[in-house]
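The next block holds one structure in the form of structure tokens; read it before the comments.
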Amino acid sequence: MASKGYDKFLKDLNPFSRGLPGTPMLFVMLLLMSMIMGIASVALINHNSIDTGFYYIIANGSVTGILAIMLPTLLTIIIVKAFKRYVDVKYIFFISIIGTISYSIFVLLGSLVYILTSNYASASVIILVGDASIFGWWFFANKVVMGQKKRAVLLALVQPTLNILLYVPSSKSIFSFSTPFNILLLKLYSGIFIFLIISYAIIYIVDRPYKKSYGFHSFDAVSQMIQNWLFDINISTPFGLNFGTLTDIRTDTILFRNEKGAIKGIFFAPDIHYGPSGTLGGSNFPYMLERYSEAKYKAPTFVMHCAVDMDNNPISSNQFNAIRDSLDGGVKNCKPALRRGSQFCFLESEHGNAKISALTFGKVSLVTMTRAPKVTEDVSLASAVLFRELLDAKLDTSILIDAHNSRYETAPKEELDGIKFNSPFAKEYIKAIKSIGNAAHRSKSVRMGIASKELYFRLGCPEDIAHGNLNVAVFRFNGYSRMIMQFNANNALPTFRNALVEHVKKKYRIDAELYTTDTHAVNSLEFNASNVLGRYTKYQKLVNVLDETIEQALSNVETVSVYHAKGEMKKFKVWGQNAMENIIATANSIFGITRLLVPIIVAAGFIIAAWVILII
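Heads up, the sequence shown is in our numbering, so the first residue is 22 and it goes up one at a time.
This is the structure in structure tokens:
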């Protein structure tokens, strides 16, 4: 992932992250808050007898708070949970508590106004408006967090209705309504109707620019992404069917066979980006492809991260079948990579911080780009096209791989934004490519050892690694060995990468490079672009598994024959050029407008709702 500009877009949603307190703690918070609010309300009404009736106020206030505030909240949680069984109860608790806090403040404010002015009408309007406003909160929570569309209004009515139903019989010791109950309900629902209109007005303001520019509803997209982050629900088309651009996607498959003709290993490199997050779009494709390929072909499979950026995100997880079929087609149609007079070799070149290395197998070369220990991030399409043209002139057929193996958040923004066309970083790569000379290590045959081991569960499910294997491949050109160690992660801390590379060099005397798939399966509302390998994974635990995998790979080194197939997925839908930047820019523009308009609209809603409640 090149830019973390989306962090600004997501920061206002952090209250819904996985970092919320647990349900027991939220229950205790609700109990204490209800008792405190109840005691405060009783104390206000009985302010003249606090000294003589202290214990009465404490006892009666606690009971009143539990009955009038806590009980409707708990019933709301139970009802909402019945409709959304997959939603962790702590999220429903949190949403309910926010509504309860708001409602309690209005109850206290209404009681205070009544004590100071003896104006029953004003006090009752304040309490009813506060209760009605909870509808708006629940309406947006239902639509955005819990993905309710048809039931959003119905579920948003639950807490305000329960509040008034339980407030009336529990309010003997606090401000009590003298208005007939049917009139109270009419007033409440009239206020709720105003907040319904206000809610749809806000949605229209936010949604219209996205619908007009990109063909999808922003609220639906955000809702589906949040549900995926929080509840692991996979929405197949989070941005709708009208979003995205049809394009032809190149795929490359390299097949290694041992002397008996059995498949020893597979390298699969589709020109797609594994985003946007969780299991949405193509985020989980590296693991899914690896699992599928290993089950079918009984060989370790490296799903590589090509030189692409988020413009090449698949729009739907349903597109996995097309990529799977392309992998199968590549394996089926692979031809020998050798040509007359061709050799196997390893080449290296660098300029500034840009490093290019190529594993050349006859007429096909696996070319790796890295700036490690500087930031190594996504490559724009325009840059990748230019790099490939320059490489093909030297190496015949080149498969351009972004090692995606170094990122730290204190780096300059220009580095974190990736390799843009005509940027200083792109120019360094161009000079490195142009300076590629004769191979330092050549041979008439290549020997290979390969191994893979399940990593995610072995390490205790760290947040910075996705499901899947640690893959290791060792290539030997005469006396020189080169190792690829690949992790299903989204980049790596440079110190972590350096430590692993140095460990391999020192212990095995092998030059190695660390690769990640750039899977966005590790990206979420809580863990974004900074969630790189080494953030949570313990070095020593990982090294133990790495050594096991390396030793297994070294134990099966043998001469291999190399096959290659170049394929193309026709009319494959991806996000499209600058889609992420445009979405973020539009989001920031909308937020700028909503920060001005929404408070005005909400304030107007409160005033209108209060007036409607008053005149009924």
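Even glycine gets a Cβ: it sits at the ideal position worked out from N, Cα and C.
Given residue i as reference, the closest of the options once Cα atoms are compared
i: R479; options: M54, T418, V543 and E569; result: E569
i: V583; options: N339, M58 and V352; result: V352
i: L206; options: V146, T558, A222 and I99; result: V146
i: S197; options: Y141, S211 and G151; result: Y141
i: K692; options: T381, D109 and R428; result: In this structure the chain extends from 22 to 637, so residue 692 is not present and cannot be described.
i: K528; options: G489, E572, G302 and L554; result: E572
i: H541; options: G302, K111 and L217; result: G302
i: M469; options: F593, V324, I284 and Y557; result: I284
i: T558; options: S154, T580, L514 and A625; result: L514
i: P291; options: F264, D346 and F161; result: D346
i: R592; options: S199, T97, Q340 and L52; result: The identity of residue 592 in the sequence shown is Lys, whereas the question assumes Arg. Measuring from the Cα of K592, the nearest candidate turns out to be Q340.
i: L209; options: L183, N342 and A405; result: L183
i: V134; options: S62, I99, V165 and I155; result: S62
i: G500; options: K465, S194, T121 and S576; result: K465
i: I87; options: S192, F156, V329 and Y112; result: S192
i: G383; options: R392, F365 and S370; result: F365
Residue i - DSSP class collapsed to helix/strand/coil
i: L31; result: Low confidence applies here, because L31 scores a pLDDT of 49, under 50, leaving its location unreliable; read the following figure in that light. In the structure shown, L31 sits in a helix (DSSP, three-state: H, G or I).
i: S257; result: Its pLDDT being 47, under 50, S257 is placed unreliably in this model, and the value from its coordinates should be taken loosely. In the structure shown, S257 sits in coil (DSSP, three-state: anything other than H, G, I, E or B).
i: S143; result: helix
i: A510; result: coil
i: F198; result: coil
i: T431; result: coil
i: V522; result: helix
i: P483; result: coil
i: K474; result: strand
i: E668; result: Any answer about residue 668 is impossible in this case: the structure gives the chain only from 22 up to 637.
i: F496; result: strand
i: L276; result: strand
i: A290; result: strand
i: K11; result: Only positions 22 to 637 of the chain appear in the structure, and residue 11 is not among them; the question remains open.
i: F517; result: helix
i: Y77; result: helix
i: L51; result: helix
i: I629; result: helix
i: A460; result: coil
i: R106; result: coil
i: Y135; result: helix
i: K281; result: coil
i: I636; result: helix
i: A153; result: helix
i: L618; result: helix
i: K111; result: helix
i: L491; result: strand
Whether residue i touches residue j by CB criterion (9 Å)
i: A460; j: T538; result: no
i: I344; j: M590; result: yes
i: A574; j: A472; result: yes
i: G588; j: T272; result: yes
i: M390; j: L348; result: no
i: L187; j: A80; result: no
i: V128; j: G151; result: yes
i: I638; j: G131; result: Residue 638 is absent from the structure shown; the chain starts at 22 and stops at 637.
i: R463; j: F496; result: no
i: L176; j: W159; result: yes
i: H524; j: L567; result: yes
i: N333; j: I270; result: yes
i: Y655; j: F306; result: Residue numbering for the chain in the displayed model covers 22 to 637; residue 655 lies beyond these limits and cannot be assessed.
i: V623; j: I213; result: no
i: F517; j: L387; result: no
i: E484; j: V522; result: no
i: R428; j: S551; result: yes
i: T44; j: V108; result: no
i: I99; j: I78; result: no
i: A520; j: M504; result: no
i: G597; j: T97; result: no
i: A153; j: I621; result: no
i: I457; j: L359; result: no
Below-9 Å beta-carbon distance, residue i vs any chain D residue
i: K559; result: Absence of chain D from the displayed structure is noted, only one protein chain being present.
Residue i beta carbon near the ligand SAH (any heavy atom closer than 8 Å)
i: T272; result: With respect to the ligand SAH, the structure offers nothing, as it holds no ligand at all.
For a minimum of 3 consecutive residues, which ranges assigned as the beta strand (DSSP E) are wholly contained in the region 317 to 368?
Listed in chain order, they are 322 to 324.
For the 8 Å Cβ check, are there 3 or more pairs between the region 429 to 436 and the region 392 to 402?
Proximity of the region 429 to 436 to the region 392 to 402 meets the contact definition, three or more beta-carbon pairs being nearer than 8 Å.
Which full runs of the beta strand (DSSP E) of 3+ residues lie inside the region 529 to 594, going along the chain?
As far as the region 529 to 594 is concerned, its whole beta strand (DSSP E) runs of at least 3 residues are 532 to 537.
Are the region 368 to 377 and the region 444 to 452 touching, with three or more C-beta to C-beta distances below 8 Å?
With three or more CB-CB distances shorter than 8 Å, the region 368 to 377 counts as touching the region 444 to 452.
Runs of alpha helix (DSSP H) wholly within the region 155 to 184 (minimum 4 residues, chain order)
As far as the region 155 to 184 is concerned, its whole alpha helix (DSSP H) runs of at least 4 residues are 173 to 177.
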